[in-house]
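In my numbering, the protein residues as written are 1263 to 1824. Built from N, CA and C at the ideal position, the CB exists for glycine as well. These notes are about the structure you will find just below.
Okay, structure coming up:
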């Protein structure tokens, strides 16, 4: 260690990381250099596989055993005025930095806490190890941190288990735990990706407040440039393990030089070109009348309680439209989608499909045969990784609904249908004999869409079907859904918590809260003139990328009217 005049708190130089696998070396990070100043927020941007998370975990020395770090890689951390090469630390010296001077928060809080140990015990133990304080003082500071990160009833919440908290509260608890050691640098790896838009806005605001309060620097990792625009001072962009662009947030976001950065920016949804409302609303493809869905919820030591997920919804979904269904976690949107497909039993009301041949309807008492619904309605799942059978070829995955329902006469007709829909979904027909692991997330989602459409349904439910994808891949899938709607005359119910995606895809928008439909209208009406305060709150929370000149002009216009 040596006394340092280094202006940077974190200074990464020529970092090169490989992973040793049975198939050979995987080059994860190549010659990466970046730095973070004290009190600064550095945004680290890139899509899946860019190497951003590997870089972050290497700072914390959390790499797997098959990690190979090449010379002359350096990660210099300025600790109490002295430069420390983190890559050379061992044992107690490493623990001074990891979890002490440097803390990390992850995308999924459930993976960061031990589920069978109270949150209080975990935070108290962390403070005792790193700060050397007694249990009583650690508890006092822990409750104070819970209050500072905005957790209501901090004293009682502090003693709960992580599974007893909501998603937003879990994220706040994880931030409190990361702050408990009074770190100089906080590494945040996709901390808001899984959150609802209003909770995301609250967490971003909280992190800015904590930066001011504690003078803490941050390395903020995300694939969302809209989020980066709200929080970062400087930005580093990574692609395929390399840094391709770096500079001030303004420079990277509004004067990007590298074609990859420009591609990411072009893929961002915006609210500038919202479609006009159709002059006439088409006839309905699906209608609901007083639709209700209820579940029995039980827990140890308590009597089962009835949870009403969907409450008396009456709604028509127009033919040929893409209808966005938005709402936060627990709003009932997924339960509604499942009820329309007969995947969840309805507790009241009726669902009717208007197919022009007598249609199909069902209610609490009247059921239907799965085959009857197969060529009317289908589902596209959220996760393209877990929804495809890894032991089946792409051909067999797409063909399975046809074969299971007996919708084709023989194998040759099945193969013809598979080839036809594969081409429409831009799946290379030469790859139909491959298995899912050979495909990227975007390609897998195309396979999921092809599987849903092979039965030639008139209506599909897409439940968070781009949430797990990078922004440029999202844009490709949204374009595909639009073209399939136009070509096949589909009606699509697109369920999402991402309002910027809804704005750029949908014709009509329905907003749910606590199981109720609180507002609906054309996409232009909902986004530009929302009537309900809750909808207004959702729209205001969207992390849009706005040029400062545009903001200044809008401010001047307001001032000139006063």
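State the Cα-Cα distance for the pair residue i and residue j, rounded to the nearest angstrom.
i	j	result
residue 1537	residue 1407	45 Å
residue 1477	residue 1359	17 Å
residue 1570	residue 1557	7 Å
residue 1292	residue 1777	49 Å
residue 1492	residue 1552	41 Å
residue 1670	residue 1794	48 Å
residue 1812	residue 1533	Confidence at residue 1812 is low in this model, with a pLDDT of 44, below 50, so the placement of that residue is unreliable and no value is reported for it.
residue 1458	residue 1759	6 Å
residue 1361	residue 1417	24 Å
residue 1804	residue 1527	16 Å
residue 1826	residue 1472	A question about residue 1826 goes unanswered here, because the residues of the chain that appear run from 1263 up to 1824.
residue 1397	residue 1444	17 Å
residue 1261	residue 1326	A question about residue 1261 goes unanswered here, because the residues of the chain that appear run from 1263 up to 1824.
residue 1735	residue 1399	49 Å
residue 1636	residue 1628	17 Å
residue 1546	residue 1772	15 Å
residue 1332	residue 1415	49 Å
residue 1688	residue 1696	15 Å
Looking at the structure shown, is residue i part of a helix, part of a strand, or coil, going by DSSP?
i	result
residue 1818	Low confidence applies here, because residue 1818 scores a pLDDT of 37, under 50, leaving its location unreliable and the question unanswered by this model.
residue 1486	coil
residue 1414	coil
residue 1428	coil
residue 1623	strand
residue 1455	coil
residue 1610	strand
residue 1823	Residue placement at residue 1823 is flagged as unreliable, the pLDDT there being 40, under the threshold of 50; a coordinate-derived value is accordingly withheld.
residue 1617	coil
residue 1304	strand
residue 1774	strand
residue 1438	helix
residue 1804	coil
residue 1782	strand
Excluding sequence positions up to five away, which residues of its chain have a Cβ less than 6 Å from the Cβ of residue i?
i	result
residue 1461	1430
residue 1239	Any answer about residue 1239 is impossible in this case: the structure gives the chain only from 1263 up to 1824.
residue 1273	1297, 1338
residue 1593	1774, 1775
residue 1371	1432, 1433, 1436
What whole-angstrom Cβ distance do residue i and residue j have, given they're in contact under 8 Å?
i	j	result
residue 1385	residue 1404	5 Å
residue 1494	residue 1303	5 Å
residue 1707	residue 1731	6 Å
residue 1440	residue 1298	That pair is no contact at about 16 Å.
residue 1752	residue 1722	6 Å
residue 1602	residue 1639	7 Å
residue 1767	residue 1582	Their Cβ separation, rounded to whole angstroms, is 14 Å, which puts residue 1767 and residue 1582 out of contact at 8 Å.
residue 1308	residue 1314	5 Å
residue 1598	residue 1548	The pair is not a contact, with the Cβ atoms about 11 Å apart (cut-off 8 Å).
residue 1756	residue 1584	6 Å
Return no unless some Cβ of chain D is closer than 8 Å to the Cβ of residue i.
i	result
residue 1457	The chain labelled as chain D is not found in the depicted structure, where only one protein chain is given.
Leaving out the 5 sequence neighbours to the left and right, which residues in its chain are closer than 7 Å to residue i when beta-carbon positions are compared?
i	result
residue 1600	1606
residue 1683	1660, 1712, 1715, 1716
Once the 5 residues before and after residue i are set aside, which same chain residues still bring their CB inside 8 Å of it?
i	result
residue 1634	1622
residue 1807	1487, 1488, 1491, 1515, 1527, 1530, 1532
residue 1336	1273, 1274, 1275, 1276, 1277, 1347, 1349
residue 1554	1570, 1572, 1573, 1574, 1575, 1608, 1609, 1610, 1611
>> Threshold first: 4 residues or longer. Then list the alpha helix (DSSP H) segments lying entirely within the segment 1696-1726, N to C.
In response: 1703-1715
> Along the chain, which unbroken stretches of the alpha helix (DSSP H) at least 4 residues long are found entirely within the segment 1635-1707?
Replying inline: 1656-1667, 1673-1686
>> Restricting to runs no shorter than 4 residues, where is the alpha helix (DSSP H) found entirely within the segment 1462-1536?
In response: 1487-1493, 1511-1516, 1521-1528
>> Restricting to runs no shorter than 3 residues, where is the beta strand (DSSP E) found entirely within the segment 1552-1600?
In response: 1567-1580, 1584-1588
>> So within the segment 1315-1376, which uninterrupted alpha helix (DSSP H) runs reach at least 4 residues, ignoring any that extend past its ends?
In response: 1353-1359
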